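>
Residue numbers (the numbering used here): 864 to 1193.
Below you can see the structure in the form of structure tokens.
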């Protein structure tokens, strides 16, 4: 399916990922982009620069109310299903979080079946692997969940269910779809709900305030940080591809320790405050590992995607955005 001239709907359109998908759809000459969001996690301010565009239409709606999806999907070619609860808000409100991530996705696919939408790109997560023991984490690597915090396990399970709802609707009703398993997404428009990526913002804010950065444990915990612009580009390439009923890792394939992350932020901000190592009791965390190696061979082979933004360049872009936001608040 071609992006140019198409009409697309983004659930969770006010989110960081939804906003970046919108920017890239506009650049690719989409005819109209409909942003559906209930503002439970996003905000009008976060997309104020987008809704003024005549090709962008905002609808306040909820994926738990299927009738609102039916109305919003009239004449839509493709859907980017980005609405969902992350680990932190799901842990705080598990009833609503599980409902949104599971029943909400069922509603999205049912409405797409009814409206004969051509394709859905579902925002999944590398959380579907849990605490993997495999040396290289490929799409067939099984979920290992026994050591996860309960909220993290529930979040992962909800994404596994979302992916299989997608496959079921492909098999039974011919609704095309791709599930994209994001690693730790960061970048401009960064929100404060992502357990891993919010640490970048917290570190920057502490350094700018003249406070020592806090590093959990020994700082050897690693994550694969992927810039949101690369994630948005993967969404558009997945939509345009002929591939369906597949899941892909959307990651860099490079693990970065918390120690290295702090070093990069210190370098960019020109500070050298010595980190303080301590573990905050009760802090919600996702999978904690000292080794991660995500394979991105499958997505590169199938749709031609690979990341373009290095972690240091991405951090520079994120910090410039954060400085602009701090300036607005001053």
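Heads up, the beta-carbon is just placed ideally off N, CA and C, and yes, glycines get one too. Only a predicted model underlies this, so the values are computations on that prediction, with no experimental measurement involved.
What is the rounded straight-line gap between the Cα of residue 917 and the Cα of residue 894?
Position 54 of the chain shown, counted from the first residue, corresponds to residue 917. Position 31 of the chain shown, counted from the first residue, corresponds to residue 894. About 10 Å.
> Check the DSSP bridge columns for residue 1133 and list the partner residues they point to.
One-based indexing of the chain shown puts residue 1133 at position 270. Partner(s): none; residue 1133 has no beta bridge.
> Of the residues 877, 1182 and 1022, which one's Cα is nearest the Cα of residue 1062?
Here residue 1062 refers to the residue found at position 199 of the chain shown. Nearest of 877, 1182 and 1022 to residue 1062, Cα basis: 1182.
> Helix, strand or coil: which one does DSSP assign to residue 928?
By 1-based counting over the chain shown, the position of residue 928 is 65. Reduced to three states, the DSSP call for residue 928 is coil.
> Whole angstroms are fine: how far does the CA of residue 891 sit from the CA of residue 975?
For the purposes of this step, residue 975 is taken as the residue at position 112 of the chain shown. For the purposes of this step, residue 891 is taken as the residue at position 28 of the chain shown. Their backbone Cα atoms lie some 23 Å apart in a straight line.
> When the distance is taken between beta carbons, is residue 986 closer than 8 Å to residue 1043?
By one-based count along the chain shown, residue 1043 stands at place 180. By one-based count along the chain shown, residue 986 stands at place 123. In this structure, residue 986 lies closer than 8 Å to residue 1043 by Cβ.
> Are residue 1155 and residue 1118 closer than 8 Å when you measure CB to CB?
Position 292 of the chain shown, counted from the start, is the residue given in the question as residue 1155. Position 255 of the chain shown, counted from the start, is the residue given in the question as residue 1118. Yes, the Cβ-Cβ distance between residue 1155 and residue 1118 is below 8 Å.
> Report yes if the C-beta distance between residue 972 and residue 960 is below 8 Å; otherwise report no.
The count along the chain shown starts at 1 and reaches residue 972 at position 109. The count along the chain shown starts at 1 and reaches residue 960 at position 97. In this structure, residue 960 does not lie closer than 8 Å to residue 972 by Cβ.
> Is residue 1017 near residue 993, with beta carbons less than 8 Å apart?
As a working note, residue 1017 is residue 154 in the chain shown. As a working note, residue 993 is residue 130 in the chain shown. Contact: no.
> Just the Cα atoms here: how many angstroms apart are residue 1125 and residue 1114?
In the chain shown, residue 1125 corresponds to position 262, counting from 1. In the chain shown, residue 1114 corresponds to position 251, counting from 1. Computed Cα separation, rounded: 20 Å.
> Roughly how many angstroms lie between the CA atoms of residue 922 and residue 900, to the nearest whole one?
By 1-based counting over the chain shown, the position of residue 922 is 59. By 1-based counting over the chain shown, the position of residue 900 is 37. Going by the C-alpha atoms only, they are around 7 Å apart.
> Which residue marks the beginning of the alpha helix (DSSP H) containing residue 1033, and which one marks its end?
Indexing the chain shown from 1 puts residue 1033 at position 170. That run of the alpha helix (DSSP H) goes 1013 to 1036.
> Kindly list the residues whose CB is nearer than 6 Å to the CB of residue 1080, restricted to its own chain and excluding five residues on each side of it in sequence; keep chain order.
Residue 1080 sits at position 217 when you count from the first residue of the chain shown. Excluding residues within five positions, the ones whose Cβ falls inside 6 Å are 1142.
> Which one of 871, 919, 1159 and 1138 has the shortest CA to CA distance from residue 932?
Position 69 of the chain shown, counted from the first residue, corresponds to residue 932. Measuring from the Cα of residue 932, the nearest candidate turns out to be 871.
> Tell me which same chain residues have a C-beta within less than 6 Å of the C-beta of residue 967, skipping the five on either side of it?
Here the question's residue 967 lines up with position 104 in the chain shown. Excluding residues within five positions, the ones whose Cβ falls inside 6 Å are 926 and 927.
> Under 8 Å Cβ to Cβ from residue 1132, same chain only, skipping five residues before and after it: list those, please.
By 1-based counting over the chain shown, the position of residue 1132 is 269. Closer than 8 Å at Cβ, skipping near neighbours: 1067, 1070, 1071 and 1182.
> In three-state DSSP terms, what is residue 1108?
By 1-based counting over the chain shown, the position of residue 1108 is 245. Three-state result, residue 1108: coil.
> Which residue from 965, 1109 and 1075 puts its Cα closest to that of residue 1033?
Translated into the one-based positions of the chain shown, residue 1033 becomes position 170. Ranking 965, 1109 and 1075 by Cα distance to residue 1033 puts 1109 first.
> Output the distance between the C-alpha atoms of residue 1111 and residue 1041, rounded to the nearest integer angstrom.
If you number the chain shown from 1, residue 1111 lands on position 248. If you number the chain shown from 1, residue 1041 lands on position 178. If you take the alpha carbons of residue 1111 and residue 1041, they lie about 8 Å apart.
> Relative to the alpha-carbon of residue 983, which residue among 1120, 1186, 1101 and 1092 has its alpha-carbon at the smallest distance?
Working through the chain shown from its first residue, we reach residue 983 at position 120. For the residues 1120, 1186, 1101 and 1092, the minimum Cα distance to residue 983 belongs to 1101.
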